[in-house]
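> Line by line, the protein sequences are chains A and B.
Under the numbering used here, the first residue of the first sequence carries the number 1, and numbering increases by one thereafter.
Under the numbering used here, the first residue of the second sequence carries the number 1, and numbering increases by one thereafter.
Every residue gets a Cβ at the ideal spot worked out from N, C-alpha and C, and that includes glycine.
Sending over a structure as structure tokens; questions will come in a sec.
2 protein chains.
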Amino acid sequence: MLISAYLGGMARAATTSDVFNAVADLHRRRILDALISGEKAVGALVGDLAMSQPRVSKHLRVLSEVGLVRCRAEGRHRVYRLAPENLHPLHAWLGKYEWAINDRLDRIDDYLQHLQGQGDGSDT
Amino acid sequence: MLISAYLGGMARAATTSDVFNAVADLHRRRILDALISGEKAVGALVGDLAMSQPRVSKHLRVLSEVGLVRCRAEGRHRVYRLAPENLHPLHAWLGKYEWAINDRLDRIDDYLQHLQGQGDGSDT
DNA sequence: TTGACACATGCTGATATCGGCATATCTTGG
DNA sequence: CCAAGATATGCCGATATCAGCATGTGTCAA
């Protein structure tokens, strides 16, 4: 099969078709985080995140193509909002490891509760 | 600072320093998945996943550098096992969206829009 | 209609990523 | 010591990614 010769550097799946890759970028995560508090127009994101407008728009496009955000036109503004249900693949995958994550966290949690019970920590 | 001029196409954080990027690759996820059932030597992974040995080794290196796997030498074999507690950054980030993933976002959204339409100031 | 605003898109260059191949390293056995 | 097995590493080319810049598209106001 000579075809494989053509596929030399096939590399990772297109960022545009994979939630995992979409979320791999810090700036895209920051955009999603900024949308948690509610839908926002592009300009608002540009201001909040201190990124150039084309940059924000392009990241929004990627997020949109994997279905993590949805767009609504309002006048000459474009209001983006989260569509977090499409984080499900990520959530589902991560779920397979949750036992291990929770195992550690439970212990820490236990420990913290223990400390609280001990002697009135009331920090800060 | 002129340094920024050098950083033109800085792009995403080094795959080797970011769990999100480490997990963004399908083949790396497959390796992690293959290790859920228990620790395995490189050769076993090569067989199970039908990937070339150098390929597996390189992915294991990335996973190792972000702390998702740990290595143990056993004779001339190198046995890798999961260290899933380092999935925590991913888990923590995803947790912020869990409410939306688990519940029927559509219904909540409907409800919220309904409230907005009512005119009831429900904030804070 | 003209102009300004808000956003999207296309192009470019620098860098990163990935896989294959060949080879180096380390370990065991004779 | 020498050979073979198991794995890690280095180099390469092809492709993907990202940011900046300039420009296109659609919308409101006068």
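1) Rounded to whole angstroms, how far is the Cβ of B/Val66 from the Cβ of B/Asp18, which I believe are closer than 8 Å?
2) Whose C-beta lies closer than 6 Å to the C-beta of A/Glu39 among residues of the same chain, with five residues either side of it excluded?
3) Under 9 Å Cβ-Cβ, which residues of chain A neighbour B/Pro54?
4) What in chain B is Cβ-close to A/Glu65, meaning under 9 Å?
5) Checking contacts by CB at 8 Å: is B/Ala100 closer than that to chain A?
6) For A/Val23, return the contacting residues in chain B, with the cut-off set at a CB-CB distance below 7 Å.
7) For A/Ala34, name the three-state secondary structure that DSSP assigns.
8) Please confirm if the segment 91 to 102 of chain A is in contact with the segment 52 to 62 of chain A, defined as three or more CB-CB distances below 8 Å between the two stretches.
9) Among all the DSSP beta bridges, which residues are the ones paired with A/His77?
10) Measure the CB-CB distance between A/Leu87 and A/Leu60 and report whether it falls below 8 Å.
11) Hey, would you say A/Leu130 sits closer than 8 Å to A/Ile36, going by beta carbons?
12) Is DSSP giving A/Ala41 helix, strand or coil here?
13) So, using beta-carbon positions, are B/Pro84 and A/Tyr97 closer together than 8 Å?
14) If the cut is a Cβ gap below 9 Å, which residues of chain B does A/His91 touch?
Taking the geometry as given:
1) Locating residue 66 of chain B in the second sequence gives position 66, where the first residue counts as 1. Locating residue 18 of chain B in the second sequence gives position 18, where the first residue counts as 1. Sure, about 7 Å apart at Cβ, within 8 Å.
2) Along the first sequence, one-based indexing puts residue 39 of chain A at 39. Closer than 6 Å at the Cβ level, and outside the excluded window around A/Glu39, lie Val79, Arg81.
3) Along the second sequence, read from residue 1 onward, the residue named residue 54 of chain B stands at position 54. Here the premise fails: no neighbours, minimum Cβ distance about 14 Å.
4) Residue 65 of chain A sits at position 65 when you count from the first residue of the first sequence. Under the 9 Å cutoff, chain B gives no residues; its nearest Cβ is about 15 Å from A/Glu65.
5) The count along the second sequence starts at 1 and reaches residue 100 of chain B at position 100. So yes, B/Ala100 belongs to the interface.
6) The count along the first sequence starts at 1 and reaches residue 23 of chain A at position 23. Residues of chain B passing the Cβ test: Phe20.
7) Locating residue 34 of chain A in the first sequence gives position 34, where the first residue counts as 1. Correct three-state label for A/Ala34: helix.
8) no
9) By 1-based counting over the first sequence, the position of residue 77 of chain A is 77. Answer is A/Glu74.
10) Here the question's residue 87 of chain A lines up with position 87 in the first sequence. Here the question's residue 60 of chain A lines up with position 60 in the first sequence. No; because the gap between Cβ atoms is not below 8 Å, this pair is not in contact.
11) The structure shown does not extend to residue 130 of chain A, since chain A spans only 1 to 124, so no value can be given for it.
12) Taking the first residue of the first sequence as position 1, residue 41 of chain A is located at position 41. Reduced to three states, the DSSP call for A/Ala41 is strand.
13) On the second sequence, residue 84 of chain B is found 84 positions in, with the first residue counted as 1. On the first sequence, residue 97 of chain A is found 97 positions in, with the first residue counted as 1. In this structure, A/Tyr97 lies closer than 8 Å to B/Pro84 by Cβ.
14) Taking the first residue of the first sequence as position 1, residue 91 of chain A is located at position 91. Near A/His91 (Cβ distances below 9 Å), the residues of chain B are Leu94, Tyr97, Glu98, Ile101, Asn102.
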